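See structure below.
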Amino acid sequence: MKAPPFAYAAPSTIAEALALLAAHEDAKVLAGGQSLMPALNLRLAAPSVLVDINGIAELSEVSLTPTELRLGALVRHKRIGTDAAIAGAVPLLGLACPHIAHGPIRSRGTIGGSLSHADPAAEWPAVCLAADAVMEIRGPAGPRHVPAEAFSLGVFTTALRPGELLAAIRFPVARGRAGFAEVARRHGDFAMVGAAVTVELGPDGRCADARVVLFGASDRPIRRRAAEERLRGQAPGAALLREAASLAAEGLDPPSDLHASAEYRRRVAPVMVRRALADALSLPEARLAA
Amino acid sequence: MNAPFTGQPLIRAEDIAHLTGRARFVDDIRPEGCLHAVIARSPFAHARLLGVNTASVEGLPGVVGVITAADFAELPAEIPIRLAPLAGFETFLQRPMAADRVRFVGEAVAVIVATSRFAAEDAAERLEVAYEPLDPVVTYDAARAGASLLFPAAGTNIATRYTAGMGDADAAFARADLVIERHMTAHRHTALPLETRGLIAHQEADGILRCWGSTKVTQWNRRALAVMLGRPEHSMDLIEVDVGGGFGAKGEFYPEDFLIPFAALRFGAPVKWIEDRREHLLTTNHSREMEATVAMAFARDGTMLGVRARISADMGAYVRTNGGVVPAKAAQFVAGPYRIRDIALEVEALLTNKTPVGTLRGPGRYEAHFFRERLIDLAAGQLGLDPAEIRRRNLLRPTDMPWSIGKLVPYEPASSIDSSDVPAAFDAALDALGYDALRDEVRKPRPDGRLHGIGLACFVESSGAGPSETARVELREDGGLRLISGVSTQGQGHKTVLAQVAGDVFGGAVPMDAIELRNGTASLIEGGFGTYHSRAVVVGGSAIHLAGQTLRAKLLRAAAARLQLRAEDLTLREGGLWREGGTQPIASMAELHAWMREAGEAPDATETFRPEGRTYTCGAHAAHVAVDTETGQVEVLRYVATEDVGKAINPLLIHGQAIGAAVQGIGATFLDELVYDADGQLLTGSLADYLVATATCFPNIETITLENAPSTLNPLGAKGAGEGGVVACAAAIANAIADALKPLGVEINHLPLGPDRLLRLIPETPA
């Protein structure tokens, strides 16, 4: 299939990109193109202008301070999965990356593109939520910062306003442990359901803090605060993880699609939480069914 | 390398061109002034077609013209049946384009021809077509009930019904100690070659209408096109180019095989059409969707006494060129490679508002072996027998050969298995898997918490259908050989294998790299029936063998006359012509060619090979799986497939065929599925939704090629080797999963075996 007609622009600065987006209401931003190009060829999208941001150098920058990792929106999945400094600062990024599609897609696809596309089963939105990331947005009204939880608003829906561009993602350097688990039909497919977790252990060995995120289980990645609350202040153990996993599944109303029914997702979601926590806390016995 | 070439694992002569981007696939052909066709297709599964407003696109940028069914209403354009002409089918043939009713989503309603593919697609979006929706028929029950009819004039959605059998199944079941009966289903999926279909048609200055891209059965397709267009066969040619896979689906006569040549004639220019992936999933033949109630009768000691099967196949909206093969072969193969003499079959083919079906690698066999092998495991459980033991007690033995399988197919004569050693093939699979040790091992608790299981399945597979193949072998002026064959190639490696066959006839006097193959194109040689039913090497190779022998004798006679020697004292081997017992060659093959020229004799020979029957391969599959009972995910830890191919002409290529077939079959069992909703809309219209096995999915496959039972029906001893790897996959995988889940009381009767289906079968435990 062939794309419908469109105009193409390749700005070299963020300011130029914002001007183009302001001038063309139905323009689309082209980053890695891994979702947009198929949509064009299937004629599911017909923007009048493609604004190709690949030539804007600053969007590919990675910077790391003792407290913060900042990834430009154009940083490719492959770099995130292979740059030891990135995974060292935020281990969840390194754990999740191998689950994203395949080599050729990881080479082109970008973290900003994935976040802006907002597929509810994608890995990066869940990772950003679990890792407490903040989105750095540029737009006609100036820059603004939006925490991950306020950024993903629904299926293919984000807090980005017309004319805005996601410029970078800021992660606090992780102080705790991380775990990641998902089930997909084939390795690299979008997850049917998955979990991303971070756990901070206090000096007493108890959970000082935890973030438990499910993805593929709702219209966006969701924190499971009841599970987090259950973990807080407790000493990690298999029984605790099972309880937290059960709490994580409570009240879920997951979607159904061709590959997994709502019932499947409801049933497997707590398993993913338990396994992600078991990996994070090095409790292999908690990976197994009771 | 030295002769004999047969039996050597030679790498494919085709590979260099393919690996260096020099292959020529249909889309690589770009004639000057080529127009591009896009086909507008029905978005409804079942509707009256009230009108196509061609004016809505005429005059749009780049549009050259639009074709609708009205443009060829007077032509006899029903696409004929090539194989499996079952009674009643003739009422349900497909014309290339819908005229007043559409019967599946994707049926063609107009062809838009434009100066570029982009322009044609832009126009197609704006084409106005008026429909009046009708009730779609999407289930077996709705098809049978006939409240909504696809062909009202026929008065039924049942395309055919027949019974067949051998022996006395009633008596066999009456004396049984145990009868196992289950309702089972196989799921709709498709072949999915990497390269989609495509065609370029052009009537060139010499008046010949040439079509590039048709494959598989070019001579038959040319005959069909001649009838449909009403012009003589000799005024057209179907030219084979490199093909990126077929697996049964590609190369049959499809609507586009008429529409694109028709468009080329209409607009007086070359017209190209390349199927996109969505069209491929909507319009290229589907296969395998059937439900069956199968019963097997056993004696207490596990002896199989008889089998009964009622098989209903979902044929989709029309009967296409070979759709009837699917139910007919499922019925024929339901008894498998076992000593079962009493069989009763009822077969029914139903029309639904879905894409029509055709053959897919191992048509009917994949389904039939799944049905039967599941029942055998259930019987083993009830009789307290090991699954290997119950099979061993019933397998056909070499002393049973030839084994009559009766006349179970209405359009075919009675058939017999020509030769086999099934117990050896079965034991080879068990040995490779380490069955006896693994049997105990899988019941022990695993550190990862998964349940393990072993699945076994035995199969028989037919190949090498007639009626015949004709081949010509020519000695080139440089001493090389030119082979001309009517069989087609879709990537199997015939250039290599057929050269091995020919080279051995000449004792290695012609090196492998001096043997060329010309095949596939319709006009090359009369008497070519094409490539299907794993017949190209068995039948086509035998024809080359015979023609080679005739040419060899001719060359030796001519040389003897010139040298005033007896032909019996001369021979051909490496170096060329030798005198028996000589220490050096008398003449090179190039000199032999020169002698023939001087003598005014044509250095070639043509022969036809007519097999007296089909060749049958047998084998076994054995799978070791691990099931994650919390996610329904299955890992195939090991998979062993054996097949006795009679004679392995190129073991390397057979290995590739077997591995590829196993990946395709295992993938189909877990992943491939064409899903329709209640409105007859295809929900799996892209490769994001239609899942196909990739290189990383099933890495642990071992295949073993056996040569214990050469065919008695052809001079090569060869049998087809392209389909045995696929036919027992659902059976072995389903048995392995059922074995793993036995502690949970789970039965597996329905395909495919994705995680959602499996998890529904597994009782839930707390997280």
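Same order as they appear, the protein sequences are chains A and P. Here the numbering used here runs 557 ahead of the position in the first sequence, where the first position is 1. Here the numbering used here runs 1 ahead of the position in the second sequence, where the first position is 1. Glycine included, every Cβ here is placed at the ideal spot set by N, Cα and C. Predicted model, so just to flag it, every value in this text is computed and none were measured.
Compute the distance between the beta-carbons of V488/P and T551/P, then report whether it is under 7 Å.
Not in contact: V488/P and T551/P (Cβ atoms no closer than 7 Å).
What residue range is occupied by the uninterrupted beta strand (DSSP E) comprising G454/P?
The continuous beta strand (DSSP E) containing G454/P extends over residues 452-464.
Pull up the distance between the alpha-carbon of G521/P and that of T490/P, whole angstroms please.
Going from the Cα of G521/P to the Cα of T490/P covers about 7 Å.
Fully enclosed by the stretch 685-750 of chain P, which beta strand (DSSP E) runs are 3 residues long or longer?
Fully enclosed beta strand (DSSP E) runs of 3 or longer: 702-707.
Residue-chain proximity (C698/P, chain A), Cβ-Cβ < 7 Å
Yes, because at least one Cβ of chain A sits closer than 7 Å to the Cβ of C698/P.
In the DSSP assignment, what residue or residues form a beta bridge with W596/P?
W596/P has no beta-bridge partner at all, per DSSP.
Quick check on the DSSP output: the beta strand (DSSP E) that includes R49/P runs from which residue to which?
First-last of the beta strand (DSSP E) with R49/P: 48-54.
Determine the extent of the beta strand (DSSP E) in which V295/P is found, giving its start and end residues.
291-299 is the extent of the beta strand (DSSP E) around V295/P.
Any alpha helix (DSSP H) of 4 or more consecutive residues that is wholly inside the stretch 698-765 of chain A:
Complete alpha helix (DSSP H) runs here, min 4: 705-708.
Should K217/P go down as buried or exposed, given a rule of 16 or more other Cβ atoms within 10 Å for buried?
By the 10 Å Cβ count, K217/P comes out buried.
Have a look at P595/A, G612/A, A752/A and flag the residue whose alpha-carbon is nearest the alpha-carbon of R822/A.
The shortest Cα separation from R822/A among P595/A, G612/A, A752/A belongs to A752/A.
Taking 8 Å as the threshold, find out whether the stretch 324-343 of chain P comes into contact with the stretch 359-370 of chain P through three or more Cβ pairs.
Verdict: yes, contact present.
Could you check which residue in S818/A, P778/A, L631/A has the C-alpha nearest to that of L710/A?
The residue with the shortest Cα to Cα distance from L710/A is P778/A.
Establish whether the CB of V606/A and some CB of chain P are separated by less than 7 Å.
Residue contact with chain P for V606/A: absent (no Cβ-Cβ distance below 7 Å to any residue of chain P).
So, helix, strand or coil for S417/P, using DSSP?
DSSP places S417/P in the strand class (E or B) of the three-state scheme.
So, does the CB of V825/A fall closer than 7 Å to a CB anywhere in chain P?
Answer yes: the Cβ-Cβ gap between V825/A and chain P drops below 7 Å somewhere.
Can you confirm whether A817/A, when its beta carbon is compared against all beta carbons of chain P, has any partner nearer than 7 Å?
True, the Cβ-Cβ gap to chain P drops below 7 Å.
Closer than 9 Å between beta carbons: that is the criterion. Which residues of the stretch 625-643 of chain P meet it against chain A?
Per Cβ criterion, the list reads D629, T630, E631, T632, G633, Q634.
Counting contacts by CB-CB distance shorter than 7 Å, is A846/A in contact with chain P?
Yes, A846/A lies at the interface with chain P (some Cβ there is under 7 Å from its Cβ).
Under 7 Å between beta-carbons, which chain P residues line up against K559/A? List them in chain order, please.
The answer, in chain order, is R118, F119, E122.
Once you ignore the five residues that flank R787/A on each side, which residues in its own chain have a CB closer than 8 Å to its CB?
Same-chain partners within the cutoff: L797, E800, A801, L804.
Would you list, in chain order, the members of the stretch 268-281 of chain P that have their beta-carbon closer than 9 Å to a beta-carbon of chain A?
Going along the stretch 268-281 of chain P in chain order, one finds D277, R278, R279, E280 with a Cβ nearer than 9 Å to chain A.
Other residues of its chain near L838/A: CB distance less than 7 Å, five sequence neighbours each side excluded
Taken in chain order, the residues that qualify are R734, V756, P793.
Of all the options G8/P, L707/P, G337/P, E133/P, which has the alpha carbon lying nearest to the alpha carbon of R104/P?
Taking each of G8/P, L707/P, G337/P, E133/P in turn and checking the Cα distance to R104/P, the smallest one comes out for E133/P.
Beta bridge counterpart(s) of V608/A as assigned by DSSP
As a beta-bridge residue in DSSP terms, V608/A pairs with A566/A, V586/A.
Tell me the DSSP secondary structure of E75/P in three-state form.
Note: E75/P maps to coil in three-state DSSP.
Of all Cβ atoms in chain P, is any one closer than 7 Å to the Cβ of Y565/A?
Between Y565/A and chain P, the shortest Cβ-Cβ separation is not below 7 Å.
For a contact defined as C-beta to C-beta under 9 Å, what are the partners of P756/P on chain A?
Against chain A, a Cβ distance below 9 Å from P756/P picks out V740, R742, M749, H816, A817, Y821, V825.
Between D712/A and chain P, is the shortest Cβ-Cβ distance under 7 Å, so that the two count as touching?
Looking at the sequence itself, residue 712/A is Val, so the reference to Asp does not match. Not an interface residue.
Looking at the secondary structure, which residues open and close the alpha helix (DSSP H) in which Y141/P lies?
Here the alpha helix (DSSP H) through Y141/P covers 141-146.
What are the partner residues of M237/P, as DSSP defines its beta bridges?
For M237/P, which the question treats as bridged, DSSP gives the partners L210/P.
Please compile the residues from chain P whose C-beta is within a distance smaller than 9 Å of the C-beta of R787/A.
Result: empty, since nearest Cβ-Cβ is about 13 Å, beyond 9 Å.
In this structure, does DSSP put N520/P in helix, strand or coil?
In this structure, N520/P counts as strand in the three-state DSSP scheme.
Listing by chain order, which chain A residues have their CB less than 9 Å from the CB of D673/P?
Within 9 Å Cβ-Cβ: nothing; D673/P doesn't reach chain A, min ~11 Å.
For the alpha helix (DSSP H) that Q791/A lies in, which residues bound it at each end?
Judged by DSSP secondary structure, Q791/A falls outside any alpha helix (DSSP H); it is assigned neither H nor E.
Min CB distance V828/A to chain P below 7 Å
It does; some Cβ of chain P falls within 7 Å.
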